[in-house]
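Inspection log for the structure reproduced underneath, given as structure tokens.
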Amino acid sequence: MVERVIATEAALQLIRELKAQYGQLMFHQSGGCCDNSAANCYLPSDLTIGPYDVKLGEVGGVPFYIGKQQYEYWKHTQLILDVIDGHGGTFSLEGNTGKAFHTRSRLFTDAEWSEIERLVALDLR
284 MVERVIATEA
294 ALQLIRELKA
304 QYGQLMFHQS
314 GGCCDNSAAN
324 CYLPSDLTIG
334 PYDVKLGEVG
344 GVPFYIGKQQ
354 YEYWKHTQLI
364 LDVIDGHGGT
374 FSLEGNTGKA
384 FHTRSRLFTD
394 AEWSEIERLV
404 ALDLR
């Protein structure tokens, strides 16, 4: 099965550290406001997920969401959660660790996109 969002080992390590410190977490891919287009890490009680959000999957056992409008723009890509040195987003839990979550992407191949479309069609029945 094609995953819409994956994480590098560096991202998985930072997720483990944050989970040890905070417990349950969630990600939301920012649409560009304030922290630019970054994957922000939150406590589940810090952000309300609603009908305008799409769950892409999970990374390190943590749910990963994106706004529906932004999803339409990025739906043909696999998001790859990574970590860079620097300060995380001001809203994101890793903000004071000296590391920041960083989203990379790659286009799905034609075969992967066909599989995704087939699975979406099955979910709509």
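Anchor point for the sequence shown: position 89 equals 372 in my numbering, and the numbering is continuous, going up by one each time. Glycine residues also receive a C-beta, built at the ideal position from the N, C-alpha and C atoms.
As DSSP reads the structure, Val337 sits in a beta bridge with Ile349. Shown here for Thr331: not one same chain residue has a beta carbon closer than 7 Å to its own, the five before and five after excluded. Under DSSP, Ile367 takes part in a beta bridge, and its partners are Ala383. The alpha carbon of Ser397 has as its nearest neighbour, out of Gln352, Leu326, Gly340 and Lys358, the alpha carbon of Lys358. In the structure shown, Gln361 falls within a strand segment according to DSSP collapsed to helix, strand and coil.
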